[in-house]
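Sequential numbering from 60 applies to the sequence shown in my numbering.
All C-beta atoms, glycine included, are put in the ideal place defined by N, C-alpha and C.
Since this is a predicted model, take the numbers as computed values, not measurements.
All remarks here apply to the structure that follows.
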Amino acid sequence: MTNALPFLVLAVMASMCTSIHLDPADGGYMQVLVGIDSSVSVNIDILNNLRVLFRKASQFLFEATRGKFYFKEVLISVPKNWPRTVQRELVWGSQFRDAQFQILPRLRELGILASTATASSPVRIPAVFLASLNGTTTTIYGKPEYHLVHHWAIHRYKVYSESADDPRKKFYCSPKPNGAEMKAVRCSDLISYNVTNGTGGVCPDMNSCSTSPYSCDVTYYQGPDRAAESVMFLPYLEGIKLFCDQDTHNPLGNNKHNRVYKGLSTWEVIMKHKDYLKLAKLPPNRTIQTTFREQQEIEDTGSRMVFVLDVSHSMRQFGRMDYLKSAVQNIIRYSIYDGEIVGLVSFHAACKVEHPLASLNNNTRDALAAAVRELKYGAGTSIGCGLQLAVKELEFNSTSSVGSTIILVTDGEENRDPSIDDVLPGLTRKSIKVHTYALGPEASTKLEQIADETDGTAYYFGDFQNNTIAALGSAFLVSVTSHLDTMNHPIILLDKTASFRTAEEFPFTVPQELGANTKISITSLSVQKFDFYVKDANGQNCTDCNKEIGDQLEIIHIPETEATTLWTLVLIPQAGTVSNVTVTVQSTQRDPSVHPIRAQSFVKEDKSKNQVTIYSRVSKGDRGVLRAVVIATVTLPGLSGTTFLHLKDNGLGADETRNDGEYSAYFSHLVGQGRYSVRTDVTTKEDTLLTPPRSTAKPGRLRAGLLELGEEPEQAAQEIPAEQPEGADINMVVYAGAVNILRNITQKDLNPADVRDLRVDSVTVDGKNITATLSWTCMGAHLDSGRANHTDLRASSDPRVLLRKFEKATQISTANLLEGTLVPLDPLKIQTVRIRIPQELVSRTGGTPGSVFLALRTNNSRGQVSAVSNFVQLDWDTSSGGSVVDPTEAHPPPAVRTTASPRTVAPAATTPYTPSTPPAELKGQDEKSSSGLLLGAVLVAVVAVVVAVALYALMSQSGVVGAAGSHDDAESEDDESTVAW
60 MTNALPFLVL AVMASMCTSI HLDPADGGYM QVLVGIDSSV SVNIDILNNL RVLFRKASQF
120 LFEATRGKFY FKEVLISVPK NWPRTVQREL VWGSQFRDAQ FQILPRLREL GILASTATAS
180 SPVRIPAVFL ASLNGTTTTI YGKPEYHLVH HWAIHRYKVY SESADDPRKK FYCSPKPNGA
240 EMKAVRCSDL ISYNVTNGTG GVCPDMNSCS TSPYSCDVTY YQGPDRAAES VMFLPYLEGI
300 KLFCDQDTHN PLGNNKHNRV YKGLSTWEVI MKHKDYLKLA KLPPNRTIQT TFREQQEIED
360 TGSRMVFVLD VSHSMRQFGR MDYLKSAVQN IIRYSIYDGE IVGLVSFHAA CKVEHPLASL
420 NNNTRDALAA AVRELKYGAG TSIGCGLQLA VKELEFNSTS SVGSTIILVT DGEENRDPSI
480 DDVLPGLTRK SIKVHTYALG PEASTKLEQI ADETDGTAYY FGDFQNNTIA ALGSAFLVSV
540 TSHLDTMNHP IILLDKTASF RTAEEFPFTV PQELGANTKI SITSLSVQKF DFYVKDANGQ
600 NCTDCNKEIG DQLEIIHIPE TEATTLWTLV LIPQAGTVSN VTVTVQSTQR DPSVHPIRAQ
660 SFVKEDKSKN QVTIYSRVSK GDRGVLRAVV IATVTLPGLS GTTFLHLKDN GLGADETRND
720 GEYSAYFSHL VGQGRYSVRT DVTTKEDTLL TPPRSTAKPG RLRAGLLELG EEPEQAAQEI
780 PAEQPEGADI NMVVYAGAVN ILRNITQKDL NPADVRDLRV DSVTVDGKNI TATLSWTCMG
840 AHLDSGRANH TDLRASSDPR VLLRKFEKAT QISTANLLEG TLVPLDPLKI QTVRIRIPQE
900 LVSRTGGTPG SVFLALRTNN SRGQVSAVSN FVQLDWDTSS GGSVVDPTEA HPPPAVRTTA
960 SPRTVAPAAT TPYTPSTPPA ELKGQDEKSS SGLLLGAVLV AVVAVVVAVA LYALMSQSGV
1020 VGAAGSHDDA ESEDDESTVA W
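Right, here's the structure in full:
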């Protein structure tokens, strides 16, 4: 194999990208941000070639989306150490971390992690790719704009590559009349391919599924009938210009797209995306144009942020203003870094600059804290006025507000102009990030919208929390540091509230990768008397610890440590009981090259499915952390209390992929409308593991539309995929934000979750009797909670029936149930049944080699039905004895008496599959067959083979043919959203 420029490699989740704004009137994406890393050498060709690349990519995106989308405005963020030009806008703070496209000096993982919950992580492009765009890049890769659109689709629409993501899955068993055959995975059947073994020999017979040719190589090319739809399979083949739709998509292919979307084509997924649903009716032949703006960070200045605080009379209630003043004063005095530029605005019916923007130092900290302390109440609530004035302050003296931050706190609905709707478009247009804080249940229902559209985070704090000051402080800490490099993001190691009459101990561990700026904060809602000290692992008092006193706050600074260290804070009441004292511990990374374990969490509502999902990404640099214990604490609306939820990384329920370091769970304990606030506690122990290092440069070459590459098997399903991180026994606390449920829905309104791991464990053939053992993990009556009522298991000789007309498939009745039960077990229990395939399905194959597909869905007692599960393919051959087991199966089946090959195939959805003969369930569709047509098809096939062989020989002599097990950007299952070129 030949090493060439590295192609695109995708990593996992966790976005930090700013929001792109879609113009629904013409489908143009605005403020598409391209960030150049400060370590990239100055090269004017990079800037010029970015324009060339995005103009071409915009046109290709427009064509691929059938005239729907294009890049209307591209912002290029130039590093502050590059020479300045008068044409560039000056912005506050680095824009690189927020960029959807990141230009790096070379392929590497920077360990940058998400601070917000947007769809996908950035597309990463090496500078050499751009610098050589018109030379070696195009020679090797063909049209670079094809690659850009391919990975833009992953980033924006969260579709996935349609190539096989494991060398063991590059072929699949495809039904045909009176048997089955092996085919190479691809999106469109119009794409041709050749199969050879690794040394150019002849592979096993592909006309049956008894032998799986997993060691063979595949070469894809355009055949006589050129394919147009394969952007997510092989975008660089000449003539590819569209995403596969339901007419061309292959739902049987073993790839992540089919597994995640249950066989739905990429174009169907895009049509369900919120961008598509926003579009006006657009003429496809309209003229499009891409414009560019360059921005550059103002050198040697801090980032700019404004606190916008509600001072309406309602803030007197429940101590809201007192708690807010304490938290804001403390964050300004003790947490925001020196040199950061901070201002203060208050609002009621009117708004006022309480303190202008000022660079933080000892004097300005005191002045800002004093301004917070002296805030006065007023009548009315004009949130828009406060936001508008904050923008005016950020732009004072004709400075740019781009890249600035606003921290908005309110407890009420707006009742004065200007409205939020008047101000919000300007905030998004100027890329100002707004973090919103709702105090109490009556806060504006538009706060979550503000945070979502400006890429901020929405938080909620109830009136009866016993740790409001501390919780506000922890959330503020995330907000005021989110714009900084990741190494400067403090990690919260302890956040615990307790009441006690005698000495209380609070132990915590500082990992060796942290240890900088470690401090303990002791907070209470009222003045209480207690003594405290800190001791080390040997029980010795810390004599080097320094203390400070804040507003309702005691701070202890821990000396910097280089080794993993156990510390214990001891609190001793002076008299009586100490109530609701909160202890938090935070620490910061010491060495930028040595990454600590970090966690980022968020909560998301899918209104179309009545689903609330909590996510947590646990990682160490660019590697996922496995076997962590992740517990979400959800504060319910009003006085409903709290509930706890265990987030899992098992590939079931809400979790998309097993063993990738992303933990998730459905939240089904809904109690009606209102805000649900989420915090996650992450614990890693001695058995914690890391996912394998990501390969950032797969070997490969592409010439004349053909690809040669080495294999990279998927890494997600290994039980012990990598080594244990050092100093892994630590705890972390992450505030995930809040979700505001505006509808009065409760748990009983939730449908059962769909099964995604249906599998065939074994198949037995006895004459014409075909029996199979199936297993799956049960979901619940309401998502994955409670026990469902019934399992509806069905079979068909063609997957189209299961995909599109599940009710018309043959139901597996009790007469065909040999062992087990179709009554669901408790959630997450493994259910196993042995069934007999109905004779009417077996007889259609004449008893010769045959296939049948099975899928299921579950019902609850209220009649609510889950989506259809993944479907599985069951193959048999009555003409030979022995047992054949598909090596892609996770569980090898027991010995059986005759040839039997179980396969787990693509999950089900509403997409078509075109078999050789329509099944009986779909009779009524056009069926045209004649001996003349058959003869013509044979002649066409012979000619095609002869032409293909001739072309292959000619290209081989020219050195342009390559073999591929799967194409070069085949993403590993746990490696899918951050893109590196």
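Should V461 and I442 be called a contact, given that it needs their Cβ atoms to be closer than 9 Å? The count along the sequence shown starts at 1 and reaches residue 461 at position 402. The count along the sequence shown starts at 1 and reaches residue 442 at position 383. Contact flag unset, no.
Please go through the region 690–724 and give each complete beta strand (DSSP E) segment of 3 or more residues, from N-terminal end onward. 701–706
What separation, rounded to the nearest whole angstrom, lies between the Cα atoms of L862 and V927? The residue given as residue 862 occupies position 803 in the sequence shown. The residue given as residue 927 occupies position 868 in the sequence shown. Between L862 and V927, the C-alpha separation is close to 8 Å.
Could you compute how far the alpha carbon of S910 sits from the alpha carbon of L748? Start at 1 with the first residue of the sequence shown, and residue 910 comes out as number 851. Start at 1 with the first residue of the sequence shown, and residue 748 comes out as number 689. Answer to the nearest angstrom: the Cα atoms are 40 Å apart.
Straight-line gap, Q898 to T513 (C-alpha atoms, nearest Å): Residue mapping note: residue 898 aligns to position 839 of the sequence shown, counting from 1. Residue mapping note: residue 513 aligns to position 454 of the sequence shown, counting from 1. One C-alpha to the other measures close to 59 Å.
Just confirm the distance between the C-beta atoms of A497 and A797, as a whole number of angstroms; I'd bet it's less than 8 Å. As a working note, residue 497 is residue 438 in the sequence shown. As a working note, residue 797 is residue 738 in the sequence shown. Rounded, the Cβ-Cβ distance is 7 Å, consistent with contact.
Hey, how far is the Cα of D554 from the Cα of S362? Position 495 of the sequence shown, counting from 1, holds the residue named residue 554. Position 303 of the sequence shown, counting from 1, holds the residue named residue 362. Cα to Cα, D554 sits roughly 28 Å from S362.
By how many angstroms is the C-alpha of Q159 removed from the C-alpha of S856? As a working note, residue 856 is residue 797 in the sequence shown. As a working note, residue 159 is residue 100 in the sequence shown. S856 and Q159: Cα-Cα distance of roughly 44 Å.
Output needed for N266: all residues of its chain with C-beta closer than 7 Å, excluding positions within five of it in sequence on either side, in chain order. Start at 1 with the first residue of the sequence shown, and residue 266 comes out as number 207. If we look at N266 and ignore the five residues flanking it on each side, its Cβ neighbours are E240.
Determine whether the beta carbon atoms of N314 and S247 lie at a separation below 9 Å. By one-based count along the sequence shown, residue 314 stands at place 255. By one-based count along the sequence shown, residue 247 stands at place 188. No, these two residues do not count as a Cβ contact at 9 Å.
Cβ pair Q648, K588 closer than 9 Å: Here residue 648 is taken as the residue at index 589 of the sequence shown, counted from 1. Here residue 588 is taken as the residue at index 529 of the sequence shown, counted from 1. No, Cβ-Cβ distance for Q648 and K588 is not below 9 Å.
Nearest-angstrom Cα distance between S844 and G635? If you number the sequence shown from 1, residue 844 lands on position 785. If you number the sequence shown from 1, residue 635 lands on position 576. So the alpha carbons of these two residues sit roughly 43 Å apart.
Count the other CB atoms, across all protein chains shown, that sit within 10 Å of the CB of P343; report buried if there are 16 or more and exposed otherwise. Residue numbering aside, residue 343 sits at position 284 when the sequence shown is read from its first letter. Looking at its Cβ environment, which holds fewer than 16 other Cβ atoms inside 10 Å, P343 is exposed.
Using the three-state DSSP reduction, which class does H80 fall into: helix, strand or coil? As a position in the sequence shown, residue 80 is number 21, starting the count at 1. H80: strand per DSSP, three-state reduction.
Applying the 10 Å Cβ sphere with the 16-neighbour rule, what's the burial state of K578? Here residue 578 is taken as the residue at index 519 of the sequence shown, counted from 1. Burial call: buried.
Rank D369, S274, L416 by C-alpha distance to the C-alpha of C444 and give the top, closest one. Counting from one through the sequence shown, the residue named residue 444 turns up at place 385. Minimum Cα distance to C444 is reached at D369.
Does W326 come out as helix, strand or coil in the three-state DSSP assignment? The count along the sequence shown starts at 1 and reaches residue 326 at position 267. Helix.
Close beta carbons around R147, own chain, < 7 Å, minus the five adjacent residues each side: Here the question's residue 147 lines up with position 88 in the sequence shown. So the qualifying residues of the chain are V137, E353, Q354, Q355.
Of the choices D544, V218, V819, A517, whose alpha-carbon is the least far from that of L531? Here residue 531 is taken as the residue at index 472 of the sequence shown, counted from 1. The shortest Cα separation from L531 among D544, V218, V819, A517 belongs to A517.
Can you list, in chain order, the residues of its chain whose CB lies under 6 Å from that of S1025, leaving out five sequence neighbours each side? Mapped onto the sequence shown, residue 1025 falls at position 966. Low confidence applies to S1025: its pLDDT is 35, below 50, so where it sits in the model is not reliable, and the reading given next is rough at best. Within the same chain, S1025 has close Cβ partners S222, A223, K229.
Where the beta strand (DSSP E) containing R734 begins and where it ends: Counting from 1 along the sequence shown, the entry for residue 734 is found at position 675. Looking at the DSSP string, the run of the beta strand (DSSP E) that includes R734 is 733–743.
Relative to the alpha-carbon of L817, which residue among P477, A691, T196, L852 has its alpha-carbon at the smallest distance? Taking the first residue of the sequence shown as position 1, residue 817 is located at position 758. Residue L852 is the option with its Cα nearest to L817.
To which residues does DSSP link L467 through a beta bridge? Taking the first residue of the sequence shown as position 1, residue 467 is located at position 408. Partner(s): V367, T495.
Does DSSP classify I135 as helix, strand or coil? As a first step, residue 135 must be located in the sequence shown, where it is residue number 76. Three-state DSSP puts I135 in a strand.
Under three-state DSSP, which class holds S503? Counting from 1 along the sequence shown, the entry for residue 503 is found at position 444. Reduced to three states, the DSSP call for S503 is coil.
What whole-angstrom Cβ distance do C232 and D820 have, given they're in contact under 8 Å? Numbered from 1 along the sequence shown, position 173 holds the residue referred to as residue 232. Numbered from 1 along the sequence shown, position 761 holds the residue referred to as residue 820. Not quite, the Cβ-Cβ distance comes to about 17 Å (not below 8 Å), so this is no contact.
Please say whether Y382 and G609 have beta carbons closer to each other than 9 Å? Your numbering for residue 609 matches position 550 in the sequence shown. Your numbering for residue 382 matches position 323 in the sequence shown. No; because the gap between Cβ atoms is not below 9 Å, this pair is not in contact.
Would you mind reading off the limits of the beta strand (DSSP E) that contains P185? In the sequence shown, residue 185 corresponds to position 126, counting from 1. Segment 182–185, the beta strand (DSSP E) holding P185.
Applying the 10 Å Cβ sphere with the 16-neighbour rule, what's the burial state of P203? On the sequence shown, residue 203 is found 144 positions in, with the first residue counted as 1. Burial call: buried.
Do you know whose CA, among L419, F406, E745, lies nearest E399's CA? The residue labelled residue 399 in the question sits at position 340 within the sequence shown. Nearest option by C-alpha distance: L419.
Would N474 be called buried (16 or more neighbouring beta carbons within 10 Å of its own) or exposed? For the purposes of this step, residue 474 is taken as the residue at position 415 of the sequence shown. Per the 10 Å Cβ criterion, exposed.
Which value, in whole angstroms, describes the spacing of the CA atoms of H214 and V182? Here residue 214 corresponds to residue number 155 of the sequence shown, with the count starting at 1. Here residue 182 corresponds to residue number 123 of the sequence shown, with the count starting at 1. C-alpha separation (whole angstroms): 7 Å.
Where DSSP assigns a beta bridge to V91, which residues make up the other side? Position 32 of the sequence shown, counted from the start, is the residue given in the question as residue 91. According to DSSP, which records beta bridges pairwise, V91 is partnered with V133.
Counting only the same chain and skipping the five closest in sequence on each side, list residues whose C-beta sits under 7 Å from that of N389. Residue 389 sits at position 330 when you count from the first residue of the sequence shown. Taken in chain order, the residues that qualify are G532, G609, D610, L612.
Which whole-angstrom value is the C-beta distance of S503 and T469, which I expect to be below 8 Å? Position 444 of the sequence shown, counted from the start, is the residue given in the question as residue 503. Position 410 of the sequence shown, counted from the start, is the residue given in the question as residue 469. S503 to T469, Cβ: 6 Å. Contact.
Could you give the DSSP three-state label for T540: helix, strand or coil? Position 481 of the sequence shown, counting from 1, holds the residue named residue 540. Of the three classes helix, strand and coil, the one that applies to T540 here is helix, per DSSP.
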